[in-house]
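Trainee:
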Ligand code: MN
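Residue numbers (the numbering used here): 1 to 562.
1. Could you say which of 251, 484 and 123 lies nearest to residue 63 if we only look at CA atoms?
2. As an exercise, report each continuous beta strand (DSSP E) stretch of at least 3 residues that is fully enclosed by the segment 394–468, in chain order.
3. In its own chain, which residues sit with a C-beta less than 6 Å from the C-beta of residue 250, not counting the 5 before and 5 after it?
4. Taking C-alpha atoms, which residue in 485, 501, 198 and 156 lies nearest to residue 399?
5. Can you tell me the Cα-Cα spacing of residue 145 and residue 82, whole angstroms?
6. Measure the alpha-carbon distance for residue 286 versus residue 294 and round it to whole angstroms.
7. Comparing alpha-carbon positions, which option in 162, 259 and 168 lies nearest residue 448?
8. Which stretch, first to last residue, makes up the alpha helix (DSSP H) that contains residue 304?
9. Specify, as a first and last residue, the run of the alpha helix (DSSP H) that residue 120 falls within.
10. Using only the alpha-carbon positions, how far apart do residue 556 and residue 288 sit?
11. Starting from the Cα of residue 469, find the closest Cα among 421, 436 and 479 and give me that residue.
12. Going by the CB atoms, is the gap between residue 363 and residue 348 shorter than 8 Å?
13. DSSP beta-bridge partners for residue 78?
14. Give me, in chain order, the residues of the same chain whose beta-carbon lies closer than 6 Å to that of residue 254; leave out the 5 immediate sequence neighbours on both sides.
15. Quick check on DSSP: helix, strand or coil for residue 487?
16. Please work out which residues of its chain come closer than 8 Å, Cβ to Cβ, to residue 15, disregarding the five sequence neighbours upstream and downstream, and give them in chain order.
17. Starting from residue 492, follow the alpha helix (DSSP H) in both directions and report where the run begins and ends.
18. Please classify residue 342 as buried or exposed, where buried requires at least 16 neighbouring CB atoms within 10 angstroms.
19. Say whether the segment 175–187 touches the segment 105–115, bearing in mind that this needs 3 or more beta-carbon pairs closer than 8 Å, one atom from each stretch.
20. Given residue 541, which residues of its chain have a CB within under 8 Å of its CB, disregarding the five upstream and five downstream residues?
21. Answer yes or no: the CB of residue 419 versus the heavy atoms of ligand 1, is any distance below 7 Å?
22. How should residue 378 be labelled, buried or exposed, when 16 other C-beta atoms within 10 angstroms of its C-beta is the threshold for buried?
23. From this set, 419, 125 and 70, which residue's C-alpha is nearest residue 102's C-alpha?
24. Excluding the 5 residues flanking residue 79 on each side, which residues of the same chain have their C-beta closer than 8 Å to its C-beta?
25. Got a sec, what are the start and stop residues for the beta strand (DSSP E) residue 371 sits in?
26. Sorted by chain position, which residues of the same chain lie with C-beta nearer than 6 Å to residue 129's C-beta, five sequence neighbours on each side aside?
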């Protein structure tokens, strides 16, 4: 953003924020009023785009001179902010000191990166939690700014980690005007005695820890770009040399060690010792003129793609589609983590599991866990649409363009372009990916709040509207046999424990195609083909284009449809 645009605003609510920072040195956003890519879903005075009620909140874990958590609540076009040294907690018996600090710009919502040493707040920042919030007391006047001024704010958080009723109350103001407040969680259904924020160290935006963000400083969020671009295609947009896709991936030595193992053995990767087996077994037949791919190839790919795919897997139960006999055999679903899985493999015990249901799921909270799954014969990785903390709250709306026998590639592209036009019109962030077979998926990020039945209804409303434009291409019949070979827009995938294949997962097909994210503009590229990205070439594409799917890691509220 040109400096003049910022300066033209004059002294406003962000004057203090700006005065403390040198935006030629810090990657933090300077703040601007209009936000391309965000404004339509955030503001929404127009009835046409009225958002689901609820303002956004973010908590950032900030390792500056001292570790603290920054709690920021969206109100009146800025983020009202408190620094909480020990962090927020769900423990209702604990009171946390909180210091009211200057308002931050709305773009700070997505800020994750490194503030240079010597600058104000120098250190590393992750988006520790985010979601929506509302005033705790039903109040027709809805005046959060007035409540802050009065020194007492009762509010409900709907985040990935933080849920339930909180109270912020001002306790004293020192001579310099510094305001000390207390933050506490009320005794409600979300209260959890002994709950410690330090037990949940990963970013909800990227799945990374502060250490990992600090170690990969080229992934800075840049204030020089509009927020949408900065998050969508960071490396390409900056024109800088792309960071290697395996920045925190396996080392050359680790990969060489895999190649040196015979049929089976012990592989030390990502600090874990894995027993790997049947390495020379063909898992994917080759395409005409190509060599087949072996289990060793799959394990190598799983290790190399893990750092890129992790943000879409972290904190989610993983349904494994296993093909131990290879892609051309009958596969089967495995959800239960087997009892022989090593003790370090991260897992989740589903408290809601009934009799004869899966009790324990794999959760890919560390890259070695993905390699473990691959060795277990999981050719396809299907992570849940919700996170394990709140299984009933989807974080994406899934739009599934499912081609029929008679659906041509051109038909499929037309359907995808209609989705692009509709989502653009609505001002909704979304990203397409190829399934790796014949179809396409569009994932729409959503802040925690709506239930699955709500996201399913939203997807259905959008799909029906698109269907009205091209009725000749679509069938709404449930049974494949009754669809006359037509495509289906399958909104029913928006349900608990229903999954679409994860981005970058291989597919069980010849040549090892992967479900590759694409840029919207690629829908107009005549060279685009449904199976063109494979385990063999997708890393090269990542090195050139970066991860195009990061859009779906942003929180947004959905506009009402219909
Ligand atoms: Mn801070």
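Virtual Cβ for every residue (Gly too), placed ideally from N, Cα, C. It should be emphasised that the depicted structure is a prediction, and the values quoted were computed from it without experimental measurement.
Mentor: Taking the structure as given:
1. On the chain shown, residue 63 is found 63 positions in, with the first residue counted as 1. Taking only the C-alpha atoms, the option nearest residue 63 is 123.
2. 396–402, 431–434 and 440–445
3. Position 250 of the chain shown, counting from 1, holds the residue named residue 250. So the qualifying residues of the chain are 269 and 303.
4. For this step, residue 399 is matched to residue 399 along the chain shown. With distances taken between Cα atoms, residue 399 lies closest to 501.
5. Here the question's residue 145 lines up with position 145 in the chain shown. Here the question's residue 82 lines up with position 82 in the chain shown. If I take the Cα positions, the gap works out to 14 Å.
6. In the chain shown, the residue the question calls residue 286 occupies position 286. In the chain shown, the residue the question calls residue 294 occupies position 294. Distance between the alpha carbons of residue 286 and residue 294: 10 Å.
7. Locating residue 448 in the chain shown gives position 448, counting from the first residue. Of 162, 259 and 168, the residue nearest in Cα terms is 162.
8. Locating residue 304 in the chain shown gives position 304, where the first residue counts as 1. Looking at the DSSP string, the run of the alpha helix (DSSP H) that includes residue 304 is 295–309.
9. As a position in the chain shown, residue 120 is number 120, starting the count at 1. Taken as a continuous stretch (DSSP letters only), residue 120 belongs to no alpha helix (DSSP H), as it is neither H nor E.
10. The count along the chain shown starts at 1 and reaches residue 556 at position 556. The count along the chain shown starts at 1 and reaches residue 288 at position 288. Going by the C-alpha atoms only, they are around 44 Å apart.
11. Within the chain shown, the letter at position 469 stands for residue 469. Ranking 421, 436 and 479 by Cα distance to residue 469 puts 421 first.
12. Residue 348 sits at position 348 when you count from the first residue of the chain shown. Residue 363 sits at position 363 when you count from the first residue of the chain shown. It is a contact, given that the beta carbons lie within the stated cut-off.
13. Translated into the one-based positions of the chain shown, residue 78 becomes position 78. In the DSSP output, where bridge partners are listed per residue, residue 78 has 75.
14. Here residue 254 refers to the residue found at position 254 of the chain shown. 269, listed in sequence order.
15. Translated into positions along the chain shown, residue 487 becomes position 487. Correct three-state label for residue 487: strand.
16. Taking the chain shown and counting its residues from 1, the one referred to as residue 15 is at position 15. Here the set comprises nothing.
17. Translated into positions along the chain shown, residue 492 becomes position 492. Per DSSP, residue 492 belongs to no alpha helix (DSSP H) and is neither H nor E.
18. The sequence position of residue 342 within the chain shown is 342, counting from 1. With fewer than 16 Cβ atoms within 10 Å of its Cβ, residue 342 is classed as exposed.
19. no
20. For the purposes of this step, residue 541 is identified with residue 541 of the chain shown, where counting begins at 1. If we look at residue 541 and ignore the five residues flanking it on each side, its Cβ neighbours are 516 and 533.
21. Translated into the one-based positions of the chain shown, residue 419 becomes position 419. Residue 419 Cβ: outside cutoff for every heavy atom of ligand 1.
22. Working through the chain shown from its first residue, we reach residue 378 at position 378. Buried, because 16 or more other Cβ atoms sit within 10 Å of the Cβ of residue 378.
23. The sequence position of residue 102 within the chain shown is 102, counting from 1. With distances taken between Cα atoms, residue 102 lies closest to 70.
24. Here residue 79 refers to the residue found at position 79 when the chain shown is read from its first residue. So the qualifying residues of the chain are 58, 72, 73, 103, 104, 105, 106, 108 and 109.
25. Indexing the chain shown from 1 puts residue 371 at position 371. Element bounds for residue 371: not the beta strand (DSSP E) but the alpha helix (DSSP H), 367–375.
26. Here the question's residue 129 lines up with position 129 in the chain shown. Answer for residue 129: 59, 159, 160, 161, 162 and 204, listed in chain order.
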